[in-house]
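Participant: Please read through the structure below; I'll follow up with questions.
In the working numbering, the protein residues as written are 1 to 512.
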């Protein structure tokens with residue numbers, strides 16, 4: 001008999017690894033739709049999503065194409081929609097967790113909606129329309145279609161910020177300021193590069209951080225080096241600092257733990273008709289900056305070229321983490337876009353005693369159109385997510401019922417140690433919190449870089465807290481021999497995972 005070895009994984013808070021052969025037990029090759037932050041020793045599934053509706057119907061709500069979901073100070077949910085002429089039309093939801101969206105009678109603009117900017121300030125919701133108009137809807141009152149006319153036609157914009165007693169918005173390479181009294185001042189910063197565009201704003205202590213990428217349109221190729229400008233909110237002559245944010249397009253910045261987190265498209269997405277500048281495929285890069293030089297915290301390398309626009313400039317900061325939307329092809333992704341890993345990504349950690357981790361936190365696979373595999377806009381109300389998906393105006397949110405129809409997935413690192421030694425898989429075990437009535441756990445394997453996984457067992461037994469298998473339970477077939485092995489656990493029905501273990505025998509040795 002050869003040497004018998006065993007391995008157990010029961011801590012999951014490391015998120016995605018830098019490499020699937022990295023020998024750390026708390027990281028993984030893939031994790032999606034599991035909460036790995038709240039309980040480091042448990043994989044907790046998230047609820048699935050449900051379709052949203054207006055007071056008329058689901059189909060009726062699609063026509064408004066809601067964007068930039070915003071939880072107001074009143075507790076109501078708002079979104080920037082459009083009417084039949086393409087003009088801005090603000091819809092509301094009294095209780096974000098349940099019920100339908102409705103259309104206030106006075107919330108419609110008078111020119112083409114400009115996507116990207118929508119913010120609450122001074123008892124109003126502010127938006128851009130036409131080519132240069134800054135408009136506002138005094139909540140539950142009337143629209144002012146041109147509070148101000150900006151100096152240049154708006155080509156690009158992003159989410160605004162409140163800083164001090166003013167609101168700041170961005171367009172092209174300029175910032176404008178709106179006072180608490182509603183007075184607007186245009187082009188308020190020192191000169192910013194004319195060959196770059198502002199992609200994201202964030203407040204950092206006594207400063208506004210201005211994220212910029214090369215190119216003057218949202219469809220510009222992600223080339224050049226992105227910059228982040230540190231500004232005190234008042235100087236018109238100089239910035240406090242200019243930070244190099246590396247290659248590619250800086251898409252979003254956010255403040256977590258007093259540090260600026262930046263997410264960049266490093267040649268991962270490429271405009272139609274242009275060749276990617278990456279050798280093979282590009283990557284999604286996460287950086288942290290708190291002064292000095294930005295640190296690369298994670299670089300997730302893709303294996304396909306992604307259509308430009310799948311990585312959004314929107315972000316949500318909550319629970320000590322930054323959330324953003326991207327579609328990243330890696331591992332078993334093919335050229336078919338529905339095999340990419342699309343959803344709401346999270347970067348952060350539970351507390352100061354934890355490591356920073358990147359996960360695909362929330363997915364929409366069960367509701368998105370596989371032939372139009374994209375998220376157009378997203379936002380949050382507490383722990384309820386709202387998404388506009390499939391490019392047809394479909395709106396979904398986190399289910400207010402305890403429904404878990406989405407498949408949560410965890411794929412281990414490559415297991416088994418030295419690949420030059422042949423092994424025989426003897427058995428596998430999955431530990432769980434007692435399985436609920438609708439709970440299901442499926443364990444699968446793949447060996448030696450196979451392109452697909454094979455099911456070992458499916459457990460649906462109520463109150464099970466562990467399940468082991470020594471063969472393929474559906475057929476009785478023996479477990480495989482391997483040099484490299486990965487295990488995959490799939491959970492539906494709110495099955496929480498607490499451990500994954502395996503045992504194998506080394507059945508040969510090296511030639512020397």
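All C-beta atoms, glycine included, are put in the ideal place defined by N, C-alpha and C.
What residues are listed by DSSP as bridge partners for residue 187?
Facilitator: Translated into positions along the chain shown, residue 187 becomes position 187. DSSP, once it has assigned bridges, lists no residue as partnering residue 187.
Participant: Going by the DSSP bridge assignment, what does residue 225 pair with across the sheet?
Facilitator: Position 225 of the chain shown, counted from the start, is the residue given in the question as residue 225. According to DSSP, residue 225 bridges with 247.
Participant: Could you name the residues that DSSP lists as bridge partners for residue 361?
Facilitator: Stepping through the chain shown from its first residue, residue 361 is reached at position 361. Looking at the DSSP assignment, residue 361 forms no beta bridge with any residue, so it has no partner.
Participant: Just grab the DSSP bridge partners of residue 459 for me.
Facilitator: The residue you call residue 459 lines up with position 459 of the chain shown. Paired residue(s): 441.
Participant: Taking the straight line between their C-alpha atoms, what separation do you get for residue 143 and residue 395?
Facilitator: The sequence position of residue 143 within the chain shown is 143, counting from 1. The sequence position of residue 395 within the chain shown is 395, counting from 1. Within the model, the alpha-carbon separation for residue 143 versus residue 395 is close to 25 Å.
Participant: Can you check the segment 38-106 for any alpha helix (DSSP H) of at least 4 residues that lies completely inside it and give the ranges in chain order?
Facilitator: Listed in chain order, the complete alpha helix (DSSP H) runs (minimum 4 residues) inside the segment 38-106 are 58-62.
Participant: Grab me the residues of residue 379's own chain with a C-beta within less than 6 Å of its C-beta, minus the 5 sequence neighbours each way, in chain order.
Facilitator: Residue 379 sits at position 379 when you count from the first residue of the chain shown. Within the same chain, residue 379 has close Cβ partners 69, 386.
Participant: Around the C-beta of residue 88, are 16 or more other C-beta atoms found within 10 angstroms, so that it is buried, or is it exposed?
Facilitator: Along the chain shown, one-based indexing puts residue 88 at 88. It is buried - the Cβ of residue 88 has at least 16 other Cβ atoms within 10 Å.
Participant: Can you tell me which residues form a DSSP beta bridge with residue 489?
Facilitator: Here residue 489 corresponds to residue number 489 of the chain shown, with the count starting at 1. Per DSSP, the beta bridge partners of residue 489 are 410, 443.
Participant: I need the straight-line Cα distance from residue 117 to residue 442, nearest angstrom please.
Facilitator: For the purposes of this step, residue 117 is taken as the residue at position 117 of the chain shown. For the purposes of this step, residue 442 is taken as the residue at position 442 of the chain shown. Computed Cα separation, rounded: 43 Å.
Participant: Pick out whichever of 73, 234, 269, 259 has its Cα sitting closest to the Cα of residue 382.
Facilitator: Stepping through the chain shown from its first residue, residue 382 is reached at position 382. Closest by C-alpha distance to residue 382, out of 73, 234, 269, 259, is 73.
Participant: Any contact between the segment 148-159 and the segment 184-195? By contact I mean 3 or more CB pairs, one from each, below 8 Å.
Facilitator: yes
Participant: What are the partner residues of residue 196, as DSSP defines its beta bridges?
Facilitator: Sequence index remark: in the chain shown, residue 196 carries index 196 (1-based). Answer is 214, bridged to residue 196.
Participant: Taking C-beta to C-beta, are residue 114 and residue 129 nearer than 9 Å?
Facilitator: Translated into positions along the chain shown, residue 114 becomes position 114. Translated into positions along the chain shown, residue 129 becomes position 129. Yes, they are a contact pair.
Participant: Using the DSSP secondary-structure output, state which residues sit across from residue 505 in a beta bridge.
Facilitator: Taking the chain shown and counting its residues from 1, the one referred to as residue 505 is at position 505. The partner list for residue 505 (beta bridge, DSSP) reads 4, 424.
Participant: Tell me whether the beta-carbon of residue 194 lies closer than 9 Å to the beta-carbon of residue 219.
Facilitator: Within the chain shown, numbered from 1, the residue matching residue 194 stands at position 194. Within the chain shown, numbered from 1, the residue matching residue 219 stands at position 219. No, they are not a contact pair.
Participant: Would you call the segment 282-292 and the segment 28-41 in contact, with 3 or more CB pairs under 8 Å?
Facilitator: no
Participant: Taking the DSSP output, what are the residues bridged to residue 134?
Facilitator: One-based indexing of the chain shown puts residue 134 at position 134. Per DSSP, 128, 148.
Participant: List the whole-angstrom C-beta distance separating residue 286 from residue 261, where the pair is believed to meet the contact cut-off of C-beta under 8 Å.
Facilitator: Along the chain shown, read from residue 1 onward, the residue named residue 286 stands at position 286. Along the chain shown, read from residue 1 onward, the residue named residue 261 stands at position 261. Right, the Cβ-Cβ distance comes to about 7 Å (below 8 Å), so this counts as a contact.
Participant: Per DSSP, which residues does residue 179 bridge with? Please list them.
Facilitator: As a first step, residue 179 must be located in the chain shown, where it is residue number 179. Beta-bridge pairing links residue 179 to 166.
Participant: According to DSSP, which residues form a beta bridge with residue 265?
Facilitator: Counted from its first residue, the chain shown places residue 265 at position 265. Paired residues: 249, 284.
Participant: Taking the alpha-carbon positions, what's the residue 422 to residue 507 distance?
Facilitator: The residue given as residue 422 occupies position 422 in the chain shown. The residue given as residue 507 occupies position 507 in the chain shown. Going from the Cα of residue 422 to the Cα of residue 507 covers about 6 Å.
Participant: Taking its Cβ as the centre, do 16 or more other Cβ atoms sit within 10 Å of residue 313, making it buried, or is it exposed?
Facilitator: The sequence position of residue 313 within the chain shown is 313, counting from 1. If you draw a 10 Å sphere on the C-beta of residue 313, you find 16 or more other C-beta atoms in it, and that means buried.
Participant: Relative to the alpha-carbon of residue 541, which residue among 474, 109, 221, 67 has its alpha-carbon at the smallest distance?
Facilitator: Given a span of 1 to 512 for the chain in the structure shown, any question on residue 541 remains unanswerable.
Participant: Using 8 Å as the cut-off, can you tell me whether the segment 400-419 makes contact with the segment 363-375, which would need three or more C-beta pairs spanning the two stretches below that distance?
Facilitator: yes
Participant: Going by C-alpha to C-alpha distance, which of 234, 201, 238 sits closest to residue 524?
Facilitator: Past the boundaries of the shown model lies residue 524; the chain is included only from 1 to 512, so the question cannot be answered.
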